[in-house]
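Novice: Protein chains in written order, with this note's numbering: chain X, 63 to 341; chain U, 15 to 238; chain L, 2 to 226.
Structure below.
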């Protein structure tokens, strides 16, 4: 498909990361229930700085919910999330866990960038203003500095010429790239990608994956939920397969995609890859 | 009826009436503007309270909105003007009308604001949170700016309705157009001509406004 | 008058309650009467407004614009005091029903027009293609479908009308506010009586509001207007 020396080099530069003594992200015993439905049934996970982790699995397996618990858009029913050793969404007060206040959660979220399936660009702002608003309003950067930063990021995603265009005039792929730039403007330590190409027309997927590959080679810690299996195999250090609220299997991409151990993983992959072979 | 209105005897009378009616119409416009200002601001407070995550605040807002919208504005005006004195608050008729109509409008606009805010997709709020904004920052920079475009036409239509509603202030003798028309009609015994004139004046005030609002609605749905 | 107002209220409660309840019944009478008139006028002028004939459309537009720009109080005064001044004396109750009916008709014209236009396009052509004339198509095909769309707005209009009938007190229609004012003049118990009035209006309007909300939810399912 695509010429791959870049990613192979990346693999050599950085061995398959195993979380060391202080992982960037640590998830302990995560459970999430919505009413009667238990979506996450006990997740334990650690992600090292610079690691690229892909999560695959059928819909309903809890992949999106897991991502949303990491940046506390959903509040876990049980369990804890730690980023750089700090608890997310709660804090210890007198030995008890107490929910963090809105402001504290918000500031923590700036460290964890999230890119959504439906982009959610702000329609009342131009492309460059979408990227600037976080730095200006949250980080209290000067407008001039934010402008420079935003323009650099737009160049990086290949859209500098569209800086004053409103989202409604951009294609899906262009909007998603602006969304990625918007997240990068906050200088996150970790980026979460929630099926970011699933809502795009096929011919627009490539431009977004290119940007993501570039981020990967620059050392960004990424957790990617995707159905783009080839891309996942190229870019990831580690792949986990989720089904029915738990991590069924985890391992390096070449093992997971070629010779997985667990029968459920095998069943899922054969169904998905068969389908993709026809495209 | 038309013949009676057009009879030659009318014109000198109109010359006497018009200055008084015009002054009274100014009172109508001032009352409308003041009550609208109160309704817009207080309505926003109640609208946001209604959407608040603090349950007490939200329930209080719902209670206020349901009670105020479930009772006639006239009853509310009477309570404010005739009943408040017994707890020591004595208002002049104009003030009572402005406050009454304003608080009444606040309940109506609160629902308009609520619908406008809720029309903004949840994803917008989450995207704002994901770049580190607090709930208040998300409201201020992302949600409310978008909601403004949605709520402007209903607010403008409310302003026109308010212009007409000020007529009920005449029933607590507040100085506006209908009161003046009524006083003149009992002085001159010509109710038909006076009330038709008053009606015409309302038409002249309201019709251009409603054309402007329709233009605004057109621009907002086709523009930018 | 001396004496604790709440005590006096309690003492006079039967008399006050009776007066107010009679007024409330009249309020409901005025509301339903005016609603009926408004619905009929609304349908008639909505059909006119969507007619191919330009003069008919202009007539309907004039009706709507004029009666929506002038306050209903003014319209009531023209009908009650104005007509009396040129020799036509009406009773307050019919005057109120006619006044609110004509005013409401202008408002409902727009509601029905939107309902008709929501159905209009292909349905009308389908009716023509089986040989119906325009009036037949309207009566048998368009209007029955438009009814579903217009029920919630009519419900909301009815709630507004219920409250607006309080204005009829100014032309001495014996509805709730008028009764209340008479009682207040007689007893000076303004706070107590107006609070009871507010409760009575709430008792009438809240069930209606809930019904309309159910209606809106039911209409929302499976139908995008």
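For each residue, glycine too, the CB sits at the ideal point set by N, CA and C. Note that this is a predicted model, so its numbers are computed, not measured.
How big is the Cα-Cα spacing for residue 132 (chain X) and residue 150 (chain X)?
Specialist: Along the first chain, one-based indexing puts residue 132 (chain X) at 70. Along the first chain, one-based indexing puts residue 150 (chain X) at 88. Approximately 8 Å between the Cα atoms of the pair.
Novice: Relative to the C-alpha of residue 36 (chain L), which residue among L:127, L:104 and L:198 is closest?
Specialist: Translated into the one-based positions of the third chain, residue 36 (chain L) becomes position 35. Among L:127, L:104 and L:198, the Cα nearest to that of residue 36 (chain L) is on L:104.
Novice: Taking 8 Å as the threshold, find out whether the region 46–58 of chain L comes into contact with the region 156–166 of chain U through three or more Cβ pairs.
Specialist: no
Novice: In or out: residue 31 (chain U) buried (at least 16 other Cβ within 10 Å) or exposed?
Specialist: For the purposes of this step, residue 31 (chain U) is taken as residue 17 along the second chain, with counting starting at 1. Residue 31 (chain U) comes out buried.
Novice: So, does the CB of residue 130 (chain U) fall closer than 8 Å to a CB anywhere in chain X?
Specialist: The residue labelled residue 130 (chain U) in the question sits at position 116 within the second chain. Put simply, the CB of residue 130 (chain U) is far from chain X, with every gap to its CB atoms at 8 Å or more.
Novice: Taking C-beta to C-beta, are residue 304 (chain X) and residue 94 (chain X) nearer than 8 Å?
Specialist: Sequence index remark: in the first chain, residue 304 (chain X) carries index 242 (1-based). Sequence index remark: in the first chain, residue 94 (chain X) carries index 32 (1-based). Cβ distance not < 8 Å, so residue 304 (chain X) and residue 94 (chain X) don't count as in contact.
Novice: Counting C-beta neighbours from all protein chains within 10 Å, is the total for residue 327 (chain X) 16 or more, i.e. buried, or is it exposed?
Specialist: By 1-based counting over the first chain, the position of residue 327 (chain X) is 265. Buried: at least 16 other Cβ atoms inside 10 Å.
Novice: Would DSSP call residue 220 (chain L) helix, strand or coil?
Specialist: On the third chain, position 219 is the one that residue 220 (chain L) refers to. DSSP places residue 220 (chain L) in the helix class (H, G or I) of the three-state scheme.
Novice: Quick one: list the residues of chain U neighbouring residue 185 (chain X), beta-carbon separation under 9 Å, in chain order.
Specialist: One-based indexing of the first chain puts residue 185 (chain X) at position 123. Under the 9 Å cutoff, chain U gives 138 and 160.
Novice: Count the other CB atoms, across all protein chains shown, that sit within 10 Å of the CB of residue 87 (chain L); report buried if there are 16 or more and exposed otherwise.
Specialist: Locating residue 87 (chain L) in the third chain gives position 86, where the first residue counts as 1. In the assembly as shown, residue 87 (chain L) is an exposed residue. Its beta-carbon has fewer than 16 other beta-carbons within 10 Å.
Novice: The ligand COA and residue 96 (chain L): does any heavy atom of the ligand fall closer than 7 Å to the residue's C-beta?
Specialist: Among the components of this structure there are no ligands whatsoever, and the ligand COA is therefore not found.
Novice: What whole-angstrom Cβ distance do residue 166 (chain L) and residue 10 (chain L) have, given they're in contact under 8 Å?
Specialist: Taking the first residue of the third chain as position 1, residue 166 (chain L) is located at position 165. Taking the first residue of the third chain as position 1, residue 10 (chain L) is located at position 9. Actually they are not in contact, since the Cβ atoms of residue 166 (chain L) and residue 10 (chain L) sit about 25 Å apart, beyond 8 Å.
Novice: Please say whether residue 99 (chain L) and residue 168 (chain L) have beta carbons closer to each other than 8 Å?
Specialist: On the third chain, residue 168 (chain L) is found 167 positions in, with the first residue counted as 1. On the third chain, residue 99 (chain L) is found 98 positions in, with the first residue counted as 1. No, Cβ-Cβ distance for residue 168 (chain L) and residue 99 (chain L) is not below 8 Å.
Novice: How many whole angstroms separate the CB atoms of residue 69 (chain L) and residue 96 (chain L), which I take to be in contact at a CB cut-off of 8 Å?
Specialist: Locating residue 69 (chain L) in the third chain gives position 68, where the first residue counts as 1. Locating residue 96 (chain L) in the third chain gives position 95, where the first residue counts as 1. 20 Å between Cβ atoms; not a contact.
Novice: Which residues of chain X have a Cβ atom closer than 8 Å to the Cβ of residue 145 (chain U), listed in chain order?
Specialist: Numbered from its first residue, the second chain carries residue 145 (chain U) at position 131. Going along chain X in sequence order, the residues near residue 145 (chain U) (Cβ under 8 Å) are 171, 172, 175, 195, 196, 200, 244, 245, 247 and 248.
Novice: Helix, strand or coil: how does DSSP classify residue 144 (chain X) here?
Specialist: By one-based count along the first chain, residue 144 (chain X) stands at place 82. Strand, per DSSP.
Novice: Rounded to a whole number of angstroms, what is the C-alpha to C-alpha distance between residue 240 (chain X) and residue 234 (chain X)?
Specialist: In the first chain, counting from the first residue as 1, residue 240 (chain X) sits at position 178. In the first chain, counting from the first residue as 1, residue 234 (chain X) sits at position 172. Straight-line Cα distance between these residues: approximately 10 Å.
Novice: What first and last residue would you give for the beta strand (DSSP E) that runs through residue 137 (chain X)?
Specialist: For the purposes of this step, residue 137 (chain X) is taken as residue 75 along the first chain, with counting starting at 1. Residue 137 (chain X) -> no beta strand (DSSP E), and no H or E assigned at all.
Novice: Rounded to a whole number of angstroms, what is the C-alpha to C-alpha distance between residue 140 (chain U) and residue 135 (chain X)?
Specialist: Mapped onto the second chain, residue 140 (chain U) falls at position 126. Mapped onto the first chain, residue 135 (chain X) falls at position 73. One C-alpha to the other measures close to 7 Å.
Novice: By the criterion of Cβ-Cβ separation under 7 Å, what are the contact partners of residue 149 (chain U) in chain X?
Specialist: One-based indexing of the second chain puts residue 149 (chain U) at position 135. Correct list: 164.
Novice: By Cβ distance below 8 Å, which residues in the same chain neighbour residue 209 (chain L) in space, the five residues on each side in sequence not counted?
Specialist: Locating residue 209 (chain L) in the third chain gives position 208, where the first residue counts as 1. 156, 159, 160 and 163, listed in sequence order.
Novice: Would residue 262 (chain X) pass as a contact of residue 238 (chain X) if the rule is Cβ separation under 8 Å?
Specialist: The count along the first chain starts at 1 and reaches residue 262 (chain X) at position 200. The count along the first chain starts at 1 and reaches residue 238 (chain X) at position 176. Their beta carbons are under 8 Å apart, which means residue 262 (chain X) touches residue 238 (chain X) by this criterion.
Novice: Tell me the rounded alpha-carbon separation between residue 186 (chain L) and residue 178 (chain L).
Specialist: Position 185 of the third chain, counting from 1, holds the residue named residue 186 (chain L). Position 177 of the third chain, counting from 1, holds the residue named residue 178 (chain L). Straight-line Cα distance between these residues: approximately 12 Å.
Novice: Flag this pair as touching only if the region 182–191 of chain U and the region 27–43 of chain U have three or more C-beta atom pairs under 8 Å; answer yes or no.
Specialist: yes
Novice: For the beta strand (DSSP E) that residue 312 (chain X) lies in, which residues bound it at each end?
Specialist: On the first chain, residue 312 (chain X) is found 250 positions in, with the first residue counted as 1. It spans 308–313 - the beta strand (DSSP E) in which residue 312 (chain X) sits, taken as one unbroken run.
Novice: Relative to the C-alpha of residue 54 (chain U), which candidate in U:170, U:28, U:82 and U:68 has its C-alpha closest?
Specialist: In the second chain, counting from the first residue as 1, residue 54 (chain U) sits at position 40. Of U:170, U:28, U:82 and U:68, the residue nearest in Cα terms is U:170.
Novice: Is the beta carbon of residue 294 (chain X) closer than 8 Å to that of residue 118 (chain X)?
Specialist: Residue numbering aside, residue 118 (chain X) sits at position 56 when the first chain is read from its first letter. Residue numbering aside, residue 294 (chain X) sits at position 232 when the first chain is read from its first letter. The answer is yes: Cβ separation under 8 Å.
Novice: Residues of chain C with CB closer than 7 Å to the CB of residue 133 (chain X), please, in chain order.
Specialist: In the structure shown, chain C cannot be found, because the protein chains are X, U and L.
Novice: Could you give the distance in angstroms between the alpha-carbon of residue 271 (chain X) and the alpha-carbon of residue 258 (chain X)?
Specialist: In the first chain, the residue the question calls residue 271 (chain X) occupies position 209. In the first chain, the residue the question calls residue 258 (chain X) occupies position 196. Approximately 9 Å between the Cα atoms of the pair.
Novice: Of all the options L:13, L:140, L:110 and L:77, which has the alpha carbon lying nearest to the alpha carbon of residue 49 (chain L)?
Specialist: Sequence index remark: in the third chain, residue 49 (chain L) carries index 48 (1-based). Sorting L:13, L:140, L:110 and L:77 by C-alpha distance to the C-alpha of residue 49 (chain L) places L:110 at the top.
Novice: Would residue 282 (chain X) pass as a contact of residue 144 (chain U) if the rule is Cβ separation under 8 Å?
Specialist: Within the first chain, the letter at position 220 stands for residue 282 (chain X). Within the second chain, the letter at position 130 stands for residue 144 (chain U). Not in contact: residue 282 (chain X) and residue 144 (chain U) (Cβ atoms no closer than 8 Å).
Novice: Short of 8 Å in beta carbon distance, which residues of its chain neighbour residue 219 (chain X), apart from the five on each side in sequence? Order them along the chain.
Specialist: Residue numbering aside, residue 219 (chain X) sits at position 157 when the first chain is read from its first letter. For residue 219 (chain X), where only same-chain residues beyond five positions count, the Cβ hits under 8 Å are 239, 240, 242, 243 and 273.
Novice: Quick one: which chain U residues come within Cβ less than 8 Å of residue 189 (chain X)?
Specialist: Translated into the one-based positions of the first chain, residue 189 (chain X) becomes position 127. Correct list: empty, because the minimum Cβ distance to chain U is about 14 Å.
Novice: For residue 59 (chain L), is the classification buried or exposed, using 16 other Cβ atoms within 10 angstroms of its Cβ as the cut-off for buried?
Specialist: Taking the third chain and counting its residues from 1, one reaches residue 59 (chain L) at position 58. In the assembly as shown, residue 59 (chain L) is an exposed residue. Its beta-carbon has fewer than 16 other beta-carbons within 10 Å.
Novice: Is any beta-carbon of chain L found at less than 8 Å from that of residue 185 (chain U)?
Specialist: Numbered from 1 along the second chain, position 171 holds the residue referred to as residue 185 (chain U). Yes, residue 185 (chain U) lies at the interface with chain L (some Cβ there is under 8 Å from its Cβ).
Novice: Counting only beta-carbon atoms, is residue 116 (chain U) nearer than 8 Å to chain L?
Specialist: Locating residue 116 (chain U) in the second chain gives position 102, counting from the first residue. Not closer than 8 Å to any Cβ of chain L, the Cβ of residue 116 (chain U) fails to qualify, so no.
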